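Letter by letter, the sequence shown follows residues 33 to 306 in my numbering.
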Amino acid sequence: MDVSGKTILITGSTDGVGRYVARQPAARGAKVLIHGRDAARAKALTDDIQRDGHAAPTFYQADLSSLAGARQLASAVTRDHKRLDVFISNAGIGSQNGGAGRQTSADGHELRFAVNYLSGFLLAHLLLPLIKEAAPSRIVNVASLGQHPIDFDDVMITKGYNGSRAYAQSKLAQIMFTIDLAEELKGSGVTVNSLHPATYMNTTMVRAGGITPISTVEQGGEAILHRVAGDDVAGKSGLFFNGMNEARANPQAYDAAARKRLRVLSLELTGLSA
Ligand SMILES: NC(=O)c1ccc[n+]([C@@H]2O[C@H](COP(=O)([O-])OP(=O)(O)OC[C@H]3O[C@@H](n4cnc5c(N)ncnc54)[C@H](OP(=O)(O)O)[C@@H]3O)[C@@H](O)[C@H]2O)c1
Numbered sequence: 033m034d035v036s037g038k039t040i041l042i043t044g045s046t047d048g049v050g051r052y053v054a055r056q057p058a059a060r061g062a063k064v065l066i067h068g069r070d071a072a073r074a075k076a077l078t079d080d081i082q083r084d085g086h087a088a089p090t091f092y093q094a095d096l097s098s099l100a101g102a103r104q105l106a107s108a109v110t111r112d113h114k115r116l117d118v119f120i121s122n123a124g125i126g127s128q129n130g131g132a133g134r135q136t137s138a139d140g141h142e143l144r145f146a147v148n149y150l151s152g153f154l155l156a157h158l159l160l161p162l163i164k165e166a167a168p169s170r171i172v173n174v175a176s177l178g179q180h181p182i183d184f185d186d187v188m189i190t191k192g193y194n195g196s197r198a199y200a201q202s203k204l205a206q207i208m209f210t211i212d213l214a215e216e217l218k219g220s221g222v223t224v225n226s227l228h229p230a231t232y233m234n235t236t237m238v239r240a241g242g243i244t245p246i247s248t249v250e251q252g253g254e255a256i257l258h259r260v261a262g263d264d265v266a267g268k269s270g271l272f273f274n275g276m277n278e279a280r281a282n283p284q285a286y287d288a289a290a291r292k293r294l295r296v297l298s299l300e301l302t303g304l305s306a
């Protein structure tokens, strides 16, 4: 897909792999919408893109640890744009950001579930009219190989919390949502896929976990960009990729009853079912 002139939103693009991903379509003439919490980091990225001779991206500031933040981001994008060719749901926190203990979002939800999954679920739904308007268009959910089945009796992990499980649960939730949404969007011209970009890239979340990086943001970034613009990806939907290759996710992802439970819960928690 030629991204020139296309409108592309990438959440969590002020740092890490998102920052790398945002620069590439900007260099190829896309209208890039960057997002993060920190205006100074967004300005540094904008300056870098302009210094390379490309059009400045538009920055949207929103904290996705509250559903109000996700709603505010969706309304700002909807106010400014009539169509969205690509939505990359990339913003996230790792297993240890903010410490090893259990944390909650502004809405009282377990924080990794809220930031990594629920905000992307809400954003995708609120942005769907714009995304459908641009069909053929693409949604890319940046998930992970780190996946843990959801315990529907304790989704917010009030018992036996640990950061790795919370992170991995949120990442599997993204993959389950991807499969579900792909079914819902059949025939609409909108495809949605999820991927593990690369293992332990050298990013803030990996360093915060005390982990020695083994991949670069370029490696993971190229895998994400392939989902965005690869011609062989056109028409493919509901799939999970490990880097460049299609892969199997945790078995719970293929359990239609579990996906339905997650969908019903997510619609309820985000207020979309009302
Ligand atoms: N690193 C890896 O090896 C790896 C492996 C598999 C999957 N992934 C996935 O790749 C994605 C990007 O990770 P990364 O390693 O690039 O992380 P990163 O360097 O820590 O960057 C995270 C990005 O998300 C944003 N973000 C974090 N919390 C936010 C919040 N509450 N509200 C709004 N934005 C928020 C950050 O914005 P601020 O600038 O405001 O902090 C930043 O732009 C994540 O979904 C992650 O799970 C990463």
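Just so you know, even glycine gets a beta-carbon here, dropped at the ideal spot from N, CA and C. Keep in mind it's a predicted model, so treat the numbers as computed, not measured.
Comparing the CB of residue i with every heavy atom of ligand 1, is any distance shorter than 7 Å?
i      : result
Ile125 : yes
Asn122 : yes
Thr235 : yes
Gln47  : Note that residue 47 is Asp in the sequence shown here, rather than Gln. Result yes, Cβ under 7 Å from ligand 1.
Arg30  : Residue 30 cannot be examined here, being either before or after the span of the chain that is shown, 33 to 306.
Asp95  : yes
Arg73  : yes
His86  : no
His228 : yes
Asn274 : no
Thr110 : no
Quick test of your reading: residue i and residue j, contact by CB under 8 Å. State the CB separation rounded to the nearest angstrom.
i      : j      : result
Arg259 : Phe273 : 7 Å
Ala156 : Leu105 : That belief does not hold up - the Cβ atoms of Ala156 and Leu105 are roughly 12 Å apart, past 8 Å.
Ala138 : Ser98  : 3 Å
Leu204 : Ser151 : With a Cβ gap of about 16 Å, Leu204 and Ser151 do not count as contacting.
Starting from the C-beta of residue i, find all residues in its chain whose C-beta is less than 8 Å away, skip the five residues before and the five after it, and write them out in chain order.
i     : result
Ala71 : Phe91 and Gln93
Excluding five sequence neighbours on each side, which residues of the same chain lie with their C-beta closer than 7 Å to the C-beta of residue i?
i      : result
Arg115 : Thr39, Leu162, Glu165 and Ala166
Arg60  : Val35 and Ser36
Phe119 : Leu41, Ala156, Leu159, Ile163 and Ile171
Given a threshold of 16 other Cβ atoms within 10 Å of its Cβ, counted over all protein chains shown, does residue i qualify as buried or as exposed?
i      : result
Ile246 : exposed
Val296 : exposed
Thr78  : buried
Met276 : exposed
Ala58  : buried
Gln206 : buried
Ala200 : buried
Lys63  : buried
Tyr286 : exposed
Arg291 : buried
4-residue-minimum alpha helix (DSSP H) runs that sit fully inside the stretch 41 to 107, ordered along the chain: 48 to 59 and 71 to 83
Complete runs of the beta strand (DSSP E) confined to the stretch 207 to 231 [at least 3 residues]: 222 to 228
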